[in-house]
Amino acid sequence: MPVFAGSVPLDTFVGGRVVKQVTPGAQGWFSAEPDTVRYTYQWPGVYFEAQFSGSAVDVKVDDSENNLYLWVDGSHKLTLTRPGKTTVSLKDLGPGRHVVRLEKASETQATTGRFEGFYVAGVENALPAPSYPRAIEFIGDSYTVGYGNQSRGQTCTTDDVRETTDTSRAWGPAVAKHFGAAYRINAYSGRGMVRNYNGIAAGDTLPYLYKYSLFDHSVTAADDGWTPDVVIVGLGTNDFSTPLNPGEKWVTRDALHADYIRTYADFIKSLRAKYPNAHIITMAPDNMAGETATQMKAAEALAESEGVGNIEAVEFGGLDWQACHAHPSLKDEDLLSKLVIEKLSQLPKFAPGS
Numbered sequence: 492m493p494v495f496a497g498s499v500p501l502d503t504f505v506g507g508r509v510v511k512q513v514t515p516g517a518q519g520w521f522s523a524e525p526d527t528v529r530y531t532y533q534w535p536g537v538y539f540e541a542q543f544s545g546s547a548v549d550v551k552v553d554d555s556e557n558n559l560y561l562w563v564d565g566s567h568k569l570t571l572t573r574p575g576k577t578t579v580s581l582k583d584l585g586p587g588r589h590v591v592r593l594e595k596a597s598e599t600q601a602t603t604g605r606f607e608g609f610y611v612a613g614v615e616n617a618l619p620a621p622s623y624p625r626a627i628e629f630i631g632d633s634y635t636v637g638y639g640n641q642s643r644g645q646t647c648t649t650d651d652v653r654e655t656t657d658t659s660r661a662w663g664p665a666v667a668k669h670f671g672a673a674y675r676i677n678a679y680s681g682r683g684m685v686r687n688y689n690g691i692a693a694g695d696t697l698p699y700l701y702k703y704s705l706f707d708h709s710v711t712a713a714d715d716g717w718t719p720d721v722v723i724v725g726l727g728t729n730d731f732s733t734p735l736n737p738g739e740k741w742v743t744r745d746a747l748h749a750d751y752i753r754t755y756a757d758f759i760k761s762l763r764a765k766y767p768n769a770h771i772i773t774m775a776p777d778n779m780a781g782e783t784a785t786q787m788k789a790a791e792a793l794a795e796s797e798g799v800g801n802i803e804a805v806e807f808g809g810l811d812w813q814a815c816h817a818h819p820s821l822k823d824e825d826l827l828s829k830l831v832i833e834k835l836s837q838l839p840k841f842a843p844g845s
């Protein structure tokens, strides 16, 4: 039988969109139980962090589909592979202050998981949740998710993709961790700006999903308190990577381009309205004969011409595309992270020594 650290919940920093549920604790004459807080998650790259003193902490999860990482003080302690409903007790951590982190590594699109909290033995062990001086939001598709990035080649089965996708090793989290920044990964493999991969799920594009905390559209995103300093958008590969099919709403490629440019510009404008002071970066690769990058730059220029400032377009190249289904490899993730780190280092809040 496991020995649990206790029943005192820790204040938790939540990185990413979740649905928070609070169940009031029982109240008695001589004692009162603390409220129970649970977080349902679905977006990739979600993470939870808390601080405590003492040598033990319990971690409660309910997730039968995802791969989760447990970290203490920046060191990887455990990988929970589709753990189900369980309590993990981390012990013998030594005295003093510690930071515990639970991180979602895999991508699941049809199922949710639930984090049920960090717990310590007594109130004297509970410390305030971590805080961050900077924040970055990443909006994108499989290139942002880290689709199959740990694979050893381009040929992958569905199970291979499932097991080799690691958002924690994608370029976005690497950038955020370099700057000590909080981050959100609002990305979904196969989704585009106006057209999803090969025309699937018409209308359920990333800008539409972006409105919600869960992919079934049941819960509108509650982003109160989230104010990123930088928003990085990478959408378009799925819009243009396949030929148009009969019955799709665009009769010609030119019509698809025009819709993409207009919709992208409007999406940028909505981000500016939501985050008035954020620096916005749009990104696209130089592959596919430059089609995505060309249209992305046109969208950025249109948004700029219509009054959106503090925005730039970045085209990237030099990738080997050796991960599953010609996606960025870990080597590519490193290249992209260094590119974006260089860009952000030019901003006052992210400059060396700031």
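Position one of the sequence shown corresponds to residue 492 (our numbering), numbered consecutively onward.
Don't be surprised by glycine CBs; every beta carbon is placed ideally from N, CA and C.
Beta-bridge pairing of residue i - partner residues as DSSP gives them
i: P500; result: Y610
i: R592; result: E540 and W562
i: H770; result: V721
Minimum C-alpha distance to residue i - residue among the options
i: T649; options: T635, G507, A842 and S597; result: S597
i: T783; options: D823, I772 and L726; result: L726
i: G747; options: I759, S732 and K760; result: According to the sequence shown, residue 747 is Leu rather than Gly. Nearest of I759, S732 and K760 to L747, Cα basis: S732.
i: D915; options: T754, S680 and G644; result: Coverage of the chain is limited to positions 492 through 845, which leaves residue 915 absent and any answer about it impossible.
i: M779; options: K511, P535, H770 and D730; result: D730
i: E803; options: H818, M787 and Q542; result: M787
i: D651; options: H816, P586 and S836; result: H816
i: G690; options: Y701, E739 and T718; result: E739
i: L593; options: Y560, L762 and N736; result: Y560
i: Y755; options: A672, A792, G716 and G637; result: A792
Euclidean distance between Cα positions of residue i and residue j
i: F833; j: P619; result: Looking at the sequence shown, residue 833 is not Phe but Glu. Each residue's Cα considered, the two are about 33 Å apart.
i: D502; j: L571; result: 22 Å
i: K668; j: T599; result: 23 Å
i: R605; j: S555; result: 10 Å
i: D825; j: I723; result: 17 Å
i: P698; j: G798; result: 20 Å
i: T603; j: G506; result: 16 Å
i: A749; j: P843; result: 40 Å
i: S566; j: K582; result: 14 Å
i: S704; j: D777; result: 31 Å
i: R573; j: T711; result: 27 Å
i: Y538; j: P664; result: 11 Å
i: P515; j: N616; result: 22 Å
i: S498; j: G545; result: 14 Å
i: D549; j: V611; result: 6 Å
i: A794; j: P586; result: 53 Å
Cβ separation of residue i and residue j, assumed to be a contact under 8 Å, to the nearest whole Å
i: Q641; j: R653; result: Contact flag wrong, Cβ pair sits at about 11 Å.
i: A790; j: Y766; result: Wrong, their Cβ atoms sit about 18 Å apart, outside the cutoff.
i: D632; j: A601; result: The pair is not a contact, with the Cβ atoms about 17 Å apart (cut-off 8 Å).
i: D720; j: K576; result: Wrong, their Cβ atoms sit about 37 Å apart, outside the cutoff.
i: A541; j: S580; result: At roughly 15 Å, the Cβ-Cβ gap does not stay under 8 Å, so A541 and S580 are not in contact.
i: P535; j: I676; result: 5 Å
Kindly provide the ranges of any beta strand (DSSP E) runs that are 3 or more residues long and lie completely inside the stretch 690-754, ordered along the chain. 721-725
Give the list of continuous beta strand (DSSP E) stretches no shorter than 3 residues that lie fully inside the stretch 799-841. 802-807
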